[in-house]
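Following this note's numbering from start to finish, the sequence shown increments by one per residue and tops out at 336.
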Amino acid sequence: MRKLILAGNWKMNKGAASAAADLARGVAAEVGSVSEVDVVLCPPFTSLRPVVDAVKGTRIAVGAQNMYPEDSGAFTGEISPLDLLDCGCKYVILGHSERRTIFKETNEFINKKVICALAKGLIPIMCIGETEQERVDGKTEAVVENHLKGGLAGLTAEQVQTVVIAYEPVWAIGTGKTASPDDAQAVHKFCRDWLTAAYDQATAQAVRIQYGGSMKPDNAHDLLGQPDIDGGLIGGASLKVDSFVGIIRNSGAL
Ligand code: PEP
Numbered sequence: 083m084r085k086l087i088l089a090g091n092w093k094m095n096k097g098a099a100s101a102a103a104d105l106a107r108g109v110a111a112e113v114g115s116v117s118e119v120d121v122v123l124c125p126p127f128t129s130l131r132p133v134v135d136a137v138k139g140t141r142i143a144v145g146a147q148n149m150y151p152e153d154s155g156a157f158t159g160e161i162s163p164l165d166l167l168d169c170g171c172k173y174v175i176l177g178h179s180e181r182r183t184i185f186k187e188t189n190e191f192i193n194k195k196v197i198c199a200l201a202k203g204l205i206p207i208m209c210i211g212e213t214e215q216e217r218v219d220g221k222t223e224a225v226v227e228n229h230l231k232g233g234l235a236g237l238t239a240e241q242v243q244t245v246v247i248a249y250e251p252v253w254a255i256g257t258g259k260t261a262s263p264d265d266a267q268a269v270h271k272f273c274r275d276w277l278t279a280a281y282d283q284a285t286a287q288a289v290r291i292q293y294g295g296s297m298k299p300d301n302a303h304d305l306l307g308q309p310d311i312d313g314g315l316i317g318g319a320s321l322k323v324d325s326f327v328g329i330i331r332n333s334g335a336l
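The following block contains the structure:
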């Protein structure tokens with residue numbers, strides 16, 4: 083049985099220590115002792131430490147939104163996985179569609195990051211998903227397969243079981259348009275079948291596949307009730323205690 087994982091991607095919001103700590107403390111006060119689902123907060127780099135401090139002693143974990151696949155060196159503006167670990171991170175979001183689109187990240191680069199994160203002991207949340215045009219053109223499965231194949235290249239079955247996949251249809255991110263539970267389930271099932279073919283059934287059954295794209299308290303129950311949807315990567319709704327906690331409470335797991 084896979085445990086749901088509900089992660090808040092704060093994006094470039096709440097980077098100031100006090101605002102981040104307030105939000106983290108607010109979430110922790112409501113769901114800090116919840117053990118039925120894994121709760122993760124992913125603030126900007128500058129507020130990782132305040133958030134780690136704010137959730138200390140609770141079951142809430144912290145993740146970063148990106149990393150560079152080297153320990154240290156001349157990589158201006160980048161962040162090392164070792165520094166993320168030092169800050170107290172457990173997870174790292176990799177290959178978010180905003181990074182693929184705005185920062186031109188490729189499957190190959192994302193794959194390097196996934197391999198490096200695993201080697202250092204961080205759990206990657208690897209994002210995949212099609213654009214609106216790709217969906218209209220009937221290319222959803224091809225795009226998702228390409229992202230899975232490229233991003234997971236070279237990983238052993240054991241390593242893949244640690245990775246969290248976030249299926250995020252790009253057209254649903256920050257738009258208020260959500261994939262219907264049936265449509266999302268169909269893509270998640272496709273991903274799991276792909277994992278079964280690429281690895282084996284036990285591996286595919288162990289991998290957690292989150293849905294991301296305008297998840298809210300009122301659609302969380304139906305989405306998270308689908309057999310192959312194992313959690314959510316939540317952007318906008320993770321910026322307010324009520325909406326993020328509402329999703330967790332409506333997940334059907336508590
Ligand atoms: C995201 O950025 O990963 C995301 C899913 O955003 P939103 O929930 O705002 O659509």
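Every residue gets a Cβ at the ideal spot worked out from N, C-alpha and C, and that includes glycine.
Check the DSSP bridge columns for residue i and list the partner residues they point to.
{"i": "proline 206", "result": "Val174"}
{"i": "asparagine 91", "result": "Cys124"}
{"i": "leucine 234", "result": "BP columns for leucine 234 are empty, so no partner."}
{"i": "leucine 315", "result": "Ala89, Gly294"}
{"i": "glycine 145", "result": "Tyr173"}
Please classify residue i: is it buried, with 16 or more other beta-carbons within 10 angstroms of its beta-carbon, or exposed?
{"i": "isoleucine 330", "result": "buried"}
{"i": "valine 134", "result": "buried"}
{"i": "serine 154", "result": "exposed"}
{"i": "arginine 274", "result": "buried"}
{"i": "leucine 315", "result": "buried"}
{"i": "glutamine 267", "result": "buried"}
{"i": "isoleucine 184", "result": "exposed"}
{"i": "alanine 224", "result": "exposed"}
{"i": "glycine 236", "result": "exposed"}
{"i": "valine 137", "result": "buried"}
{"i": "proline 206", "result": "buried"}
{"i": "aspartate 219", "result": "exposed"}
{"i": "alanine 201", "result": "exposed"}
{"i": "threonine 260", "result": "buried"}
{"i": "arginine 84", "result": "exposed"}
{"i": "glutamate 190", "result": "exposed"}
{"i": "threonine 128", "result": "exposed"}
{"i": "glutamate 214", "result": "exposed"}
{"i": "lysine 96", "result": "buried"}
{"i": "methionine 94", "result": "exposed"}
Find out if the Cβ-Cβ distance for the pair residue i, residue j is shorter than 7 Å.
{"i": "proline 132", "j": "alanine 103", "result": "yes"}
{"i": "leucine 164", "j": "glycine 313", "result": "no"}
{"i": "aspartate 304", "j": "proline 263", "result": "yes"}
{"i": "proline 125", "j": "lysine 195", "result": "no"}
{"i": "alanine 106", "j": "leucine 88", "result": "no"}
{"i": "alanine 319", "j": "tyrosine 281", "result": "no"}
{"i": "leucine 130", "j": "cysteine 169", "result": "yes"}
{"i": "serine 333", "j": "leucine 306", "result": "yes"}
{"i": "alanine 110", "j": "threonine 140", "result": "yes"}
{"i": "histidine 270", "j": "isoleucine 311", "result": "yes"}
{"i": "glutamate 216", "j": "tryptophan 276", "result": "no"}
{"i": "leucine 323", "j": "arginine 290", "result": "Reading the sequence as shown, one finds valine at residue 323 and not leucine. Not closer than 7 Å, so no."}
{"i": "valine 242", "j": "threonine 285", "result": "yes"}
Query raised in the report: Does the count of Cβ pairs from the segment 226–242 and the segment 157–164 closer than 8 Å reach three?
Result: no
Query raised in the report: Does the pairing of the segment 176–192 with the segment 136–145 give three or more beta-carbon distances under 8 Å?
Result: no
Query - Three or more C-beta pairs below 8 Å linking the segment 255–275 and the segment 294–303 - result: yes
**Report entry** Those runs of the beta strand (DSSP E) which lie wholly inside the segment 213–258 and span at least 3 residues
**Finding:** Within the segment 213–258, the complete beta strand (DSSP E) segments at least 3 residues long are 246–249, listed from N- to C-terminus.
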